[in-house]
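Below is one structure; the comments refer to it alone.
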Amino acid sequence: MTTRTRFAPSPTGHVHIGNMRAAVFNWLYARHTGGQFLLRVEDTDRERSTPEAIKTLLEAMDWLGLNYDETPLYQSTRMNVHLAAAEQLLASGHAYKEDKGGTGQGECIIFKMPGTDIEFTDLVKGTLRKSAADMADFVLVRSNGTPVFHLANVLDDIEQKITQVIRGDDHVENTFRHIAMYKALGAPVPQFAHLPMIVNAQGKPYSKRDGDAFVGDFQTKGFFADALFNYLALLGWSPGDEREVMTRDEMIAAFDLSTVRSSPAQMDLRKLLWMNGEYVRAMRPVEFATMCREELRTIRLEIGENAAAIFALMQERIKIRTDIIPAMTFFCTDDYEYDEKAVEKKLSKPEIFQTLEKIAGILEGLQPFDAETVNKALHDFVEQGGLKFGDVMPPLRIAVSGQQSGPDLAPVLAILGKDDVLARIRKTIARFS
Ligand code: GLU
């Protein structure tokens, strides 16, 4: 039997990465098994599931390359089917009507739990069991005539012939009810896999308060879709070896629900940034160059001379698109900003300006002005003067780039060229001494 998985989000206008992680796992499982991955939009909450919210959802899936098979099923179109099934459950004795609370506002349809323990083998968590005494009957159709989540969710999974329901473990309790419903409806019970919760550093559910939590946040911040996808795949799963940076094909080949962990998965934004940096390093140089040029052009800057050397140096360091402007502006213009804190920390003592003056003198006499020669001259200067690198290099870096950190200084100076470096050092002395 071919596997059929699905992503069944309720659109709200923001796509939480916890939901997207469920989509990624469903997608990987379907692709790994050669089955189908379906989309079902659980849009019965008409206030939240606006056309814009649905558009945001579809765009997020598209951006992450989560292509789905068949046309999406919109849950709101199936209300009559859901209500008819509730009637069927009434007729077969699996449900009953009740005026809940006796308010006279009309009757709900209540599902009658079978009165037996329910057990299932979760593909992630193993055998789960709940005793009959702990499971109460529950509402299927509200007194206002609308179906509840359980009814719609189960019927749509039956309609879409889902074979593996892969979802967050906040749904475990629901699953016991759902299994009872499948049986009452005479439908085959799918397999279930409940994915570990995504938590913050304190072990609490990861939320917007902990940092970026929506797919759109990562997109606008300049993360790559492939890196985010790769990162999400590792939130609870690993290929069972040391690999972390993987192509989509490698992930498809290695993915398995039996290697999904049941313990909570910690969201680590620094690791995601690292991951994105790995994708930057893996770019073809020409792609990296294009990305940098595009980004710099948004503030009307152009990389002029020595472009190839600049790109080669920076591809090792840039972790995300939004690093480009702050990290590379000084290569494009003499009119770079100084990091105020760095200036305060490293350019406050008067001696430093004498040191910079001396360095300028030494650099002026260098021939050729390449990284190796510059590097040796700076080393000799520090050693012969009995100075410390930590006292000399940071001020020099701030002088030529405005920044406290950056790539190796000698190649930076060589790329800028002697005239530019001397002018920058002197401009800095004039401004801050
Ligand atoms: N709309 C539900 C949710 O987003 C679906 C859960 C499920 O995957 O069954 O939580």
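For the sequence shown, our numbering assigns the number 4 to the initial residue and increments by one for each residue that follows.
Ideal Cβ positions, reconstructed from N, Cα and C, are used throughout, including at glycine.
Keep in mind that this is a model prediction, so the values were computed, not measured.
{"Check": "From what residue to what residue does the beta strand (DSSP E) around A196 run?", "Outcome": "194-198"}
{"Check": "I201 by DSSP, collapsed to three states: which one?", "Outcome": "strand"}
{"Check": "DSSP beta-bridge partners for Y99?", "Outcome": "I113"}
{"Check": "Measure from the alpha carbon of A190 to the alpha carbon of each residue in D173, Q163, P208, A196, then state which is nearest.", "Outcome": "Q163"}
{"Check": "So does E162 have its beta carbon nearer than 6 Å to some heavy atom of the ligand GLU?", "Outcome": "no"}
{"Check": "Within 6 Å: the Cβ of P208 and any heavy atom of the ligand GLU?", "Outcome": "no"}
{"Check": "Would you mind stating whether I255 and R34 have Cβ atoms separated by less than 7 Å?", "Outcome": "yes"}
{"Check": "I'd like to confirm the pairing. Which residues does DSSP put opposite F217 in its beta bridges?", "Outcome": "H19"}
{"Check": "Can you tell me which of the three DSSP states E122 falls into?", "Outcome": "strand"}
{"Check": "Which residues in the same chain as T262 place their Cβ atom closer than 8 Å to its Cβ, once the five residues preceding and following it in sequence are excluded?", "Outcome": "W240, S241, P242, G243"}
{"Check": "For R9, which beta-bridge partners are listed by DSSP?", "Outcome": "L41"}
{"Check": "In the structure shown, what three-state DSSP assignment does A139 receive?", "Outcome": "coil"}
{"Check": "Looking only at C-alpha atoms, which of T376, G389, G368 sits nearest to D2?", "Outcome": "Outside the displayed range of the chain (4 to 436) lies residue 2, so it cannot be described from this structure."}
{"Check": "Check whether the Cβ atoms of E298 and R324 lie closer than 7 Å to each other.", "Outcome": "yes"}
{"Check": "Buried or exposed for Q198, going by 16 or more other Cβ atoms inside 10 Å?", "Outcome": "One point to set straight first is that residue 198 is Leu, not Gln, in the sequence displayed. Label assigned to L198: buried."}
{"Check": "What are the residues that DSSP puts in a beta bridge with K133?", "Outcome": "I121"}
{"Check": "Excluding the 5 residues flanking Y459 on each side, which residues of the same chain have their C-beta closer than 7 Å to its C-beta?", "Outcome": "No answer is possible for residue 459: it lies beyond the span of the chain, which begins at 4 and ends at 436."}
{"Check": "Would you check if the stretch 332-341 and the stretch 382-392 touch, i.e. whether three or more CB-CB distances between them fall below 8 Å?", "Outcome": "no"}
{"Check": "Could you check whether the Cβ of E176 sits closer than 6 Å to any heavy atom belonging to the ligand GLU?", "Outcome": "no"}
{"Check": "Cβ of A11 within 6 Å of any heavy atom in the ligand GLU?", "Outcome": "yes"}
{"Check": "When you compare each of V283, V415, V346, N378 to F333 by their alpha carbons, which one comes out closest?", "Outcome": "V415"}
{"Check": "Go ahead and pull the three-state DSSP assignment for V144.", "Outcome": "strand"}
{"Check": "Which runs of the beta strand (DSSP E), 3 residues or longer, sit entirely within the stretch 226-298?", "Outcome": "none"}
{"Check": "Using a Cβ-Cβ distance cut-off of 7 Å, determine whether R264 contacts chain C.", "Outcome": "Any reference to chain C falls outside this structure, which holds one protein chain only."}
{"Check": "Classify G388 as helix, strand or coil using the three-state DSSP reduction.", "Outcome": "coil"}
{"Check": "If we ignore side chains and look at the alpha-carbon of each, how far apart do Q392 and V424 end up?", "Outcome": "The sequence given here places Phe at residue 392; Gln does not occur at that position. So the two alpha carbons sit approximately 19 Å from each other."}
{"Check": "Just verifying my parser: in three-state terms, what is the DSSP assignment at G104?", "Outcome": "helix"}
{"Check": "What residue from P353, C295, D229, P267 has the CA that sits closest to Y282's CA?", "Outcome": "D229"}
{"Check": "Can the beta-carbon of S266 be found closer than 7 Å to that of K128?", "Outcome": "no"}
{"Check": "Does the stretch 202-212 come close enough to the stretch 269-288 to have 3 or more Cβ pairs within less than 8 Å?", "Outcome": "yes"}
{"Check": "Among N83, F226, A417, F221, which residue has its Cα nearest to the Cα of K379?", "Outcome": "A417"}
{"Check": "What residue range does the alpha helix (DSSP H) around I327 cover?", "Outcome": "327-335"}
{"Check": "Apart from the five residues just before and just after R145, which ones in its own chain have a Cβ nearer than 8 Å to its Cβ?", "Outcome": "C111, V151"}
{"Check": "Check whether the stretch 63-79 and the stretch 87-102 touch, using three or more Cβ-Cβ pairs below 8 Å as the test.", "Outcome": "no"}
{"Check": "Evaluate K352 with the Cβ neighbour count: other Cβ atoms within 10 Å of its Cβ, from every protein chain shown; 16 or more gives buried, anything less gives exposed.", "Outcome": "exposed"}
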